[in-house]
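Student: Right, I'll just put the structure down here and ask away after.
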Amino acid sequence: MLMEKKSYTFEEIKQKMVNYCVYQDRCHAEVEQKMRDFLLIPEAKDEIFLYLIQENYLNEERFTRSYIRGKFYIKNWGRNKIRMNLKQKGITEKLIAACMDEIDEADYAETIQKLYQNYFAAQKDPQEYRKKSKTIRHLLSRGFEYQVILELLQE
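Per my numbering, the very first residue in the sequence shown carries number 267; after that it's consecutive.
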């Protein structure tokens, strides 16, 4: 059975996009993607975009800062993984770099230490160096920088 796409008025679509942005900070690419669900002419899309930005529902810097905080403090991702994911969302390198100060250096070092100890302790391998290299690979996959990991292990 074919589903009919419900058609909305311009105002309804505008309100839906406001709600979409209010629920959670969004980047331009996510809003662009969401607007594709509605068959809008380019002028209408532009008008909604402009409205969302002017009314501060859509703010790329705020999105980037909250994304960085969430992925680091909740998901324990490293800077490399966060940077890569933000780039996929169309965020500029300049903005990413400017917002990376959301991660406290002491918290970053502490998180790496904690993740290292927990993962290392969970390894069943009797070989010390294999446990260490597996743990380092694990941290790299979480997006932490090789140099930073090594520096912390030296201490």
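Positions of the beta carbon are idealized from the N, C-alpha and C atoms, including for glycine.
Count Cβ pairs between the segment 274-289 and the segment 305-314 that sit closer than 8 Å; are there 3 or more?
Tutor: Segments in contact, yes.
Student: Okay, do the segment 402-414 and the segment 329-346 touch, 3+ Cβ pairs below 8 Å being the bar?
Tutor: Short answer: they touch.
Student: Based on Cα-Cα distance, which residue from K300, R349, V288 and Q354 lies nearest to N325?
Tutor: The shortest C-alpha separation from N325 is found at V288.
Student: Does the distance from the CB of E327 to the CB of C365 come in under 8 Å?
Tutor: In this structure, C365 lies closer than 8 Å to E327 by Cβ.
Student: Here's a check: name, in chain order, each residue in its chain whose Cβ is nearer than 7 Å to the Cβ of R331, leaving out the five neighbours to either side.
Tutor: Correct list, in chain order: C365 and E368.
Student: Taking the alpha helix (DSSP H) that Q290 belongs to, which residues open and close that run?
Tutor: Careful: Q290 lies outside any alpha helix (DSSP H) and carries neither H nor E.
Student: Which runs of the beta strand (DSSP E), 3 residues or longer, sit entirely within the segment 349-407?
Tutor: Whole beta strand (DSSP E) segments, 3+ residues: zero.
Student: Hey, quick one: how far does the alpha helix (DSSP H) through F329 stretch, first residue to last?
Tutor: F329 -> alpha helix (DSSP H) spans E326 to R335.
Student: Quick one: using the 10 Å Cβ neighbour count with 16 as the cut-off for buried, is M350 buried or exposed?
Tutor: Its Cβ having fewer than 16 others within 10 Å, M350 is exposed.
Student: Look at the Cβ atom of K380, then the Cβ atom of Q389, and state whether they are nearer than 8 Å.
Tutor: Their beta carbons are not under 8 Å apart, which means K380 does not touch Q389 by this criterion.
Student: Among residues of its own chain, excluding the 5 on either side of V414, which ones have a beta-carbon nearer than 7 Å to its beta-carbon?
Tutor: The residues are I378.
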